[in-house]
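> Counting in the numbering used here, the sequence shown runs from 2 upward without gaps.
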Amino acid sequence: MGSKRLYDFVDNNPLIEFQTSDYINDPAIIAQNNKMTAINSALQVDLSGQICADSVGEQLYSGFGGQVDFIRGAARSTHGRPIIALPSTAKNGSVSRLVTHLSRGSGVVTSRGDVHYVVTEYGIADLWGKDLKARAKALISIAHPDFRETLEKEAAGVPWL
2 MGSKRLYDFV DNNPLIEFQT SDYINDPAII AQNNKMTAIN SALQVDLSGQ ICADSVGEQL
62 YSGFGGQVDF IRGAARSTHG RPIIALPSTA KNGSVSRLVT HLSRGSGVVT SRGDVHYVVT
122 EYGIADLWGK DLKARAKALI SIAHPDFRET LEKEAAGVPW L
């Protein structure tokens, strides 16, 4: 977690403030920063806007904690921007990361109600305040072009989309 040199630099340095994670991950504290922009990643995003950031199916890729705190804190910040950013594909372009439904067993790290912006290399989907059909349309528009038609067909078969 750091070298002795780092800790010597930080020790009693008036320019450095160390805080515990329960403080720095507190959405109320985060919101005190005007124009707070929180950029978080995802492994998958479903067409309703649910974010899976730690696993795909039952395969865990990372720990969890902090994402939803920063999303909520940035949303409450004056002129804040909560952003989910991800490449549109995985596995050398063979798998879309924007999906109709999250893979079975995947954990929802950030619920669709908390998601404002999703960004890929194909654009920005502004989901805030949108109904499920509008969310799906916006997310399909930023999916890799090779997967858009499939996503549209799959979405047509989902009653709530």
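We put the CB at the ideal spot given by N, CA and C, even for glycine.
Mapping DSSP to helix, strand and coil, what is Pro83?
In the sequence shown, counting from the first residue as 1, residue 83 sits at position 82. Strand at Pro83.
> How many angstroms separate the CA atom of Phe10 from the CA atom of Asn26?
Along the sequence shown, one-based indexing puts residue 10 at 9. Along the sequence shown, one-based indexing puts residue 26 at 25. Rounded to whole angstroms, Phe10 to Asn26 spans 24 Å at the Cα level.
> Give me whichever residues DSSP pairs with Tyr118 in a beta bridge.
Translated into positions along the sequence shown, residue 118 becomes position 117. In the DSSP output, where bridge partners are listed per residue, Tyr118 has Ile84, Asp127.
> CB-CB under 8 Å to His80, same chain, minus the five flanking residues each way: which ones, in chain order?
Residue 80 sits at position 79 when you count from the first residue of the sequence shown. Result list for His80: Asn35, Lys36, in chain order.
> Which residues in the same chain have their Cβ closer than 8 Å to the Cβ of Ile30, if we skip the five residues on either side of it in sequence?
In the sequence shown, residue 30 corresponds to position 29, counting from 1. Taken in chain order, the residues that qualify are Tyr24, Gly74.
> According to DSSP, which residues form a beta bridge with Asp47?
Here residue 47 corresponds to residue number 46 of the sequence shown, with the count starting at 1. According to DSSP, which records beta bridges pairwise, Asp47 is partnered with Val100.
> Report back the beta-carbon spacing between Thr121 and Ile143 to the nearest angstrom; my notes put them in contact at under 8 Å.
Start at 1 with the first residue of the sequence shown, and residue 121 comes out as number 120. Start at 1 with the first residue of the sequence shown, and residue 143 comes out as number 142. About 5 Å separates the two Cβ atoms, so the contact holds.
> Whose C-alpha, out of Ala135, His145, Tyr118, Phe148, is nearest the C-alpha of Trp161?
The count along the sequence shown starts at 1 and reaches residue 161 at position 160. Measuring from the Cα of Trp161, the nearest candidate turns out to be Ala135.
> Give me whichever residues DSSP pairs with Val57 in a beta bridge.
Taking the sequence shown and counting its residues from 1, the one referred to as residue 57 is at position 56. Answer is Gln60, bridged to Val57.
> Excluding five sequence neighbours on each side, which residues of the same chain lie with their C-beta closer than 8 Å to the C-beta of Asp127?
Numbered from its first residue, the sequence shown carries residue 127 at position 126. For Asp127, where only same-chain residues beyond five positions count, the Cβ hits under 8 Å are His117, Tyr118, Ala139.
> Using the DSSP secondary-structure output, state which residues sit across from Thr90 in a beta bridge.
Here residue 90 corresponds to residue number 89 of the sequence shown, with the count starting at 1. Answer is Ser97, bridged to Thr90.
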